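Down below is the structure, laid out as structure tokens.
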Amino acid sequence: MTSNDALCRISPASKSKTHLLWVPHAGGATAPLFKQFRSLTTSRNAPSSINLWAVRMAGRESRFSDPLETDMDSLVESIATETERTFADDDTLVLAGHSLGALIAYRLAVRLLEKSSGPSRVKGLIVMGASPPNQWTQNRDWLDWDDDAFAEELDRRYGGLPAGLKQHPDALAMFLPIVRADLKLARGVATAEHPTIPVPIRALAGAEDHVANRAKMQGWQALTSTGFSLRVLPGDHFFPVANLSKVLLTAETLSGDGG
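Here it is as structure tokens:
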């Protein structure tokens with residue numbers, strides 16, 4: 193990562209030493225989280241005991257000019273380095289990821305736990321709308337198709353193309369290289385090693401999510417040695433941001449601040 197804002201604070205600064213670090217879905221940005229958090233603050237539904245952060249991926253927002261990442265190991269190592277610079281040793285950190293972001297968050301948890309010489313600041317992992325890594329398809333040839341075919345397949349698989357993009361070819365042309373690069377991060381994931389982590393995993397599934405349904409998400413249970421639970425929330429594959437308050441409460445529970 194070449195910018196110093198790769199980890200973006202969503203909530204205002206506070207004295208709390210408990211943090212939730214959110215990794216967005218492929219093509220995702222931090223703006224929707226800012227908007228949803230402001231809404232929670234206005235309605236006084238935002239927990240005060242946890243700080244919300246997000247990974248700001250290359251090629252978007254303030255990192256628009258940064259080169260896109262397509263290598264998972266390199267990306268995870270750079271996020272791990274930024275995480276260690278940002279958070280104190282005695283901070284409590286819960287990682288969360290949506291779709292591809294869940295895979296990145298899991299790999300980040302593995303790396304941070306490996307690098308920790310004492311008790312780790314990582315206390316839990318929240319995975320949302322994502323199959324466990326061993327279930328990710330190895331056939332990623334469609335990521336190399338031309339833009340028209342790629343956009344059609346992306347929409348078919350994830351329903352992930354907003355109507356506004358479809359109606360504005362220039363905006364779509366800017367978006368496709370970003371989401372294409374993000375999705376290439378998952379190449380080879382299915383055949384890689386998937387260590388069990390000694391922190392609890394909480395899986396959140398969308399009730400109408402056809403990409404990663406409840407049965408698929410149950411597979412995350414095999415990747416923790418301490419504790420697992422699965423909860424179904426309203427919504428399709430893009431349910432997490434709308435359910436931000438529930439995600440924050442889940443993080444509070446994992447951190448020990450929620451009782």
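In terms of the working numbering, the sequence shown has 408 at position 216, counting the first letter as 1, and numbering is strictly consecutive.
Every residue gets a Cβ at the ideal spot worked out from N, C-alpha and C, and that includes glycine.
Since we're looking at a predicted model, the values are computed, not measured.
Check: Run through DSSP, which three-state label would residue 220 get?
Finding: coil
Margin query: Once the 5 residues before and after residue 260 are set aside, which same chain residues still bring their CB inside 6 Å of it?
Written below: 250, 251 and 373
Notebook entry, point to check: When you compare each of 198, 292 and 392 to residue 414 by their alpha carbons, which one comes out closest?
Noted result: 392
Item checked: C-alpha distance - residue 344 paired with residue 328, whole-angstrom precision -> 20 Å
Notebook entry, point to check: To the nearest angstrom, how far is it from the Cα of residue 357 to the Cα of residue 443?
Noted result: 33 Å
Note to self: Is the beta carbon of residue 256 closer than 8 Å to that of residue 211?
What the structure shows: no
Margin query: Can you look up residue 326 in the DSSP assignment and give me helix, strand or coil?
Written below: helix
Next item on the list: Give me the Cα-Cα distance between residue 194 and residue 265, rounded to the nearest whole angstrom.
Entry: Since pLDDT at residue 194 reaches only 37, below the 50 mark, its modelled position is unreliable, and the value read off the structure follows with that caveat. Using only the alpha carbons, I get a separation of about 16 Å.
Next item on the list: Compute the Euclidean distance between the alpha carbons of residue 440 and residue 394, then round it to the nearest angstrom.
Entry: 12 Å
Item checked: Reference residue 302, options 232, 331, 282 and 272, closest by Cα -> 272
Check: In or out: residue 390 buried (at least 16 other Cβ within 10 Å) or exposed?
Finding: exposed
Checklist line | Assigned exposure category for residue 452 - 16 Cβ within 10 Å defines buried | finding: The structure shown does not extend to residue 452, since the chain is modelled only from 193 to 451, so the question has no answer here.
Note to self: Would residue 225 and residue 437 qualify as a contact pair, given that the criterion is a beta-carbon distance under 8 Å?
What the structure shows: no
Next item on the list: Count the other CB atoms, across all protein chains shown, that sit within 10 Å of the CB of residue 238; report buried if there are 16 or more and exposed otherwise.
Entry: buried
Next item on the list: From the DSSP output, read off the bridge partner residues of residue 394.
Entry: 318 and 421
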